[in-house]
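Engineer: Got a structure here, written out as structure tokens. Questions coming.
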Amino acid sequence: MKNLVLAASIAGVASGAAHAQLQVPAYDTFQLQARTNLLVNDNGWNLPPGSSFNSISAKIDDARRVAFPVQVVPNGASSSPGLWFGGDGVGGIVFTGPADALIGSSVAMSQDGRVAFTLIETGNGTDGIWRYEHAGGTAARVGTSPVFPSSYGTVMMNGAGDIGFQATMGGGGRAFASMPAAGGAATIHVTDKTLDPSSAYTYLYTPGMHGDRRIVAKVATSPDMTSATEIRGFLPDGSSIVYAQNVGADPGSMFKQFDNSIGVASNLHIAYVATRVSDNRRALYRPAGPWLLAEEDPNGLVRSIASFPPAINYAGLTVFRGRDANGEAIFIAHNLEGVRRLIGKGDRVQTDLGLAQIGQNNDVDSVFSGAPSINDNGDIAFVATLHPDGNNQVEWGTGVFVARATHDRIFRNGFQLPF
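Heads up: the sequence shown runs through residues -20 to -1, 1 to 399, numbered per mature numbering (1 follows the signal peptide of the UniProt record, and there is no 0).
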């Protein structure tokens, strides 16, 4: 199938110290991977006609392969949830679940074509974590013995294919656990006080996982589960390291509170959004400095930062959703390079139907879905709503795109940031 790309200029580089060995790449190509729309409008593209997805996130690996969940895949008189997999503008549904199942709104990817996702299905016991193997074109449920949750939350997968997950146990208690890619027993990293009264943590928020199976998340230590929080990483052996604390956990902290989700790279890089004590302004940080990546400024490039998790890669390049003067936008940032607008409301992209703009017919509706993702080469996957160029009264549905990075140096082989 013909690849759909568009060359476009990216404007809006904000202040930030330049560095000779590290550059935020240029993004002048946005390639459509798939598009869904209501059948009354058109059949969509690279999806079975009538397929639909809503509020999803797409993931991308270093080979620019993309995976995302599709909540509705038509199947005769009924429908099933499905998994889309492909790259370079070619792909399709590679797995469909039972008709009465629900698929999670996001997936996780390794670097060798494996995808982890969750299915919720009460009829025949298929609920749990599933893994798709691109090499064999098969998908199967992943056993998590001896950890048997009542429900599975966020599923994670690092580059090697190790799987991590958030488990909700009987009584509502939570735990983080993982298992190696090669198979074997699942290991619990940490539990909350509901499961273990001796635990220091009253609540475990949405996690991410490093290449060493370290699971990183915002956790609460106060009885109210909000006033004292920190960002902490938990290893399979039960040890942990704290990256940041709010003022409730450390009176000397500059942070009032953290957002509930964070960005986690394959190495030890993380990114988090925090509200500062000094000015009550939300900003994006990396630990160790902490290093400021971007901050909300009512008169600046980033007017607000959205409550979706950022994504960070091996080089510390971080992508996140927010708003600029024109509305919703996606930004890319680095502590040595500042922040740049990647794409946003009103920008033009090429689609199977022709030239489109990112937007909605109703200005209050969101033009992006879920959280963007970034691979270690700097390529970015995102989901955006579309209409014909110059006419927002016609709906072209929602498309999954890849923004291709253009640069002369591979970050991981160049300047390595301290941690």
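Each residue gets a CB set at the ideal place from its N, CA and C atoms; glycine is no exception.
(1) When you compare each of Thr365, Gly152, Val244 to Met137 by their alpha carbons, which one comes out closest?
(2) Once DSSP output is grouped into helix, strand and coil, what is the label at Gly163?
(3) For Phe10, which residues from the same chain have a beta carbon less than 6 Å from its beta carbon, with the 5 sequence-adjacent residues on both sides left out?
(4) Tell me, to the nearest whole angstrom, how far the beta carbon of residue 441 is from that of Ser32; I am working on the premise that it is less than 8 Å.
(5) Excluding the 5 residues flanking Ala115 on each side, which residues of the same chain have their C-beta closer than 8 Å to its C-beta?
(6) Specify the secondary structure class of Gly24 as computed by DSSP and reduced to three states.
(7) Note down the Cα distance separating Ile354 from Ile312, rounded to an integer number of angstroms.
(8) Just the C-alpha distance for Asn21 and Asn279, rounded to the nearest angstrom, thanks.
(9) Shortest alpha-carbon distance to Val363 belongs to which of Asn357, Gly377, Pro267?
(10) Go through its chain and collect everything with a Cβ distance to Ala224's Cβ below 8 Å, but skip five positions before and after it.
(11) Less than 6 Å between C-beta atoms, sequence neighbours within five positions excluded: which residues of the same chain meet that for Ile195?
(12) What residue range is occupied by the uninterrupted beta strand (DSSP E) comprising Asn55?
(13) Nearest by alpha-carbon distance to Glu276: which of Phe288, Pro290, Arg261 is it?
(14) In three-state terms, what does DSSP make of Gly188?
(15) Please report the distance separating the alpha-carbon of Thr331 from that of Ile285.
(16) Using the Cα positions of residue 401 and Gln13, report the straight-line distance between them to the nearest angstrom.
(17) Going by other Cβ atoms of all chains shown within 10 Å of its Cβ, with 16 needed for buried, is Asn315 buried or exposed?
(18) Please state whether DSSP places Gly144 in a helix, a strand or coil.
(19) Secondary structure at Gly324, three-state DSSP: helix, strand or coil?
(20) In whole angstroms, give me the CA-to-CA distance for Lys39 and Gly379.
(21) Determine the burial state of Val222: buried for a count of at least 16 other Cβ atoms within 10 Å of its Cβ, exposed for fewer.
(22) Do Gly108 and Gly191 count as a contact pair if the criterion is CB distance below 8 Å?
Structural biologist: Put simply:
(1) That would be Val244, whose Cα lies nearest to the Cα of Met137.
(2) Gly163 falls in the coil class under three-state DSSP.
(3) Within the same chain, Leu(-15), Val329, Phe381, Ala383 come within 6 Å of Phe10 by CB-CB distance, once the 5 residues on both sides are set aside.
(4) Residue numbering for the chain in the displayed model covers -20 to 399; residue 441 lies beyond these limits and cannot be assessed.
(5) Answer for Ala115: Asp92, Gly93, listed in chain order.
(6) In this structure, Gly24 counts as coil in the three-state DSSP scheme.
(7) Using only the alpha carbons, I get a separation of about 10 Å.
(8) Near 39 Å, if we compare the C-alpha coordinates of Asn279 and Asn21.
(9) Ranking the options by Cα distance to Val363, first place goes to Gly377.
(10) Excluding residues within five positions, the ones whose Cβ falls inside 8 Å are Glu210, Ile211, Ser233, Phe235, Phe238, Tyr252, Ala254, Tyr265, Pro267, Pro270.
(11) Within the same chain, Ile195 has close Cβ partners Gly144, Phe156, His169, Pro187, Met189, Phe214.
(12) Element bounds for Asn55: 45 to 55.
(13) Per the C-alpha coordinates, the member of Phe288, Pro290, Arg261 positioned closest to Glu276 is Arg261.
(14) Correct three-state label for Gly188: strand.
(15) Rounded to whole angstroms, Thr331 and Ile285 show a C-alpha spacing of 28 Å.
(16) Only positions -20 to 399 of the chain appear in this structure, which leaves residue 401 out of reach.
(17) So Asn315 counts as buried.
(18) It is a strand residue.
(19) Three-state result, Gly324: strand.
(20) Approximately 14 Å, taken between the alpha carbons.
(21) Sixteen is the threshold: since fewer than 16 other Cβ atoms of the shown chains lie within 10 Å of the Cβ of Val222, the residue is exposed.
(22) No, Cβ-Cβ distance for Gly191 and Gly108 is not below 8 Å.
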